[in-house]
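Data first, discussion second: the structure below is written as structure tokens.
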Amino acid sequence: MHGFLLLCSLLLCNGLMVAAQEKVQKLPKEEKGSPAQIRIPQTLSRGWGDDIEWVQTYEEGLARSKHSKKPLMVIHHLEECPYSQALRKAFASSPEIQQMAQEDFIMLNLVHSSSDDNMAPDGHYVPRILFVDPSLTVRADLTGKYGNRMYAYEPEDISTLIENMRQAKLLLHTEL
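This is the structure:
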């Protein structure tokens, strides 16, 4: 019986060693002269603008919008989506968008759907951008150029997005 327990424990140790070796082999390999790549933790900006103050959740965005009297801008996107990546690059490289986002809006970017059905008035496609005014009303009237994806923007639509951001600010001041 004692030999059987010893054999079992040796097999268990061997299995653990094999598993540990496989895990080590899957780690990024260091090239000569360069350290292994370390994954940098994501910030809330997710590449949309590091100088912008981003809220973490839709609910936080609504509360801050109501309190600050600034409109909430919600960007729905996916990290691996090429359309989202292209729009993110154009958004982040536009000084005018970055300035308005920093000064005039509560900003939220979501990589998952919101629980509010008003955030998907014409579907759950990405990327899409919607505005919510401080009275917590989704601005369904601020749309992009596409009839089948009303809240979609492409990199060449940055001027349309800028105009909608201006409208969100103007409507805010005239309606509240």
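Note that the sequence shown covers residues -20 to -1, 1 to 156 in mature numbering (1 follows the signal peptide of the UniProt record, and there is no 0). Backbone N, C-alpha and C fix where the C-beta goes; we use that ideal spot for every residue, glycine too.
Query                                                                                                                                                               : Result
Going by DSSP, what residue range makes up the alpha helix (DSSP H) through H47?                                                                                    : 38 to 48
Which of the three DSSP states is assigned to residue 162 in this structure?                                                                                        : Residue 162 lies beyond the residue range present for the chain, which begins at -20 and ends at 156; the question has no answer from this structure.
Three Cβ pairs or more, each shorter than 8 Å: is that satisfied between the region 55 to 65 and the region 32 to 44?                                               : no
What are the start and end residues of each continuous alpha helix (DSSP H) run of 4 or more residues lying completely inside the region 63 to 103, in chain order? : 75 to 84
May I ask which residues mark the beginning and end of the beta strand (DSSP E) holding V54?                                                                        : 52 to 56
Look at the alpha carbon of N144 and the alpha carbon of L122, and state the distance between them as a whole number of angstroms.                                  : 6 Å
With the cut-off set at 9 Å, would you say L88 and H57 are in Cβ contact?                                                                                           : no
Out of L150, S95, E33, S25, point me to the one whose CA is closest to K69's CA.                                                                                    : S25
Look at the Cβ atom of L52, then the Cβ atom of I86, and state whether they are nearer than 9 Å.                                                                    : yes
Just the C-alpha distance for G27 and A72, rounded to the nearest angstrom, thanks.                                                                                 : 7 Å
Look up W34 in the DSSP assignment and give the residues it is bridged to.                                                                                          : M87
Is it the case that the Cβ atoms of V118 and P107 are separated by a distance below 9 Å?                                                                            : no
Quick check: what's the CA-CA separation for S95 versus L110?                                                                                                       : 14 Å
Looking at residue 157: is its Cβ nearer than 9 Å to the Cβ of P135?                                                                                                : Any answer about residue 157 is impossible in this case: the structure gives the chain only from -20 up to 156.
By Cβ distance below 7 Å, which residues in the same chain neighbour S48 in space, the five residues on each side in sequence not counted?                          : I86
With DSSP as the reference, label K9 as helix, strand or coil.                                                                                                      : A caution first: K9 carries a pLDDT of 45, below 50, which makes its placement in the model unreliable, though a value can still be read off. In this structure, K9 counts as coil in the three-state DSSP scheme.
Out of D84, V35, K149, A120, point me to the one whose CA is closest to M99's CA.                                                                                   : A120
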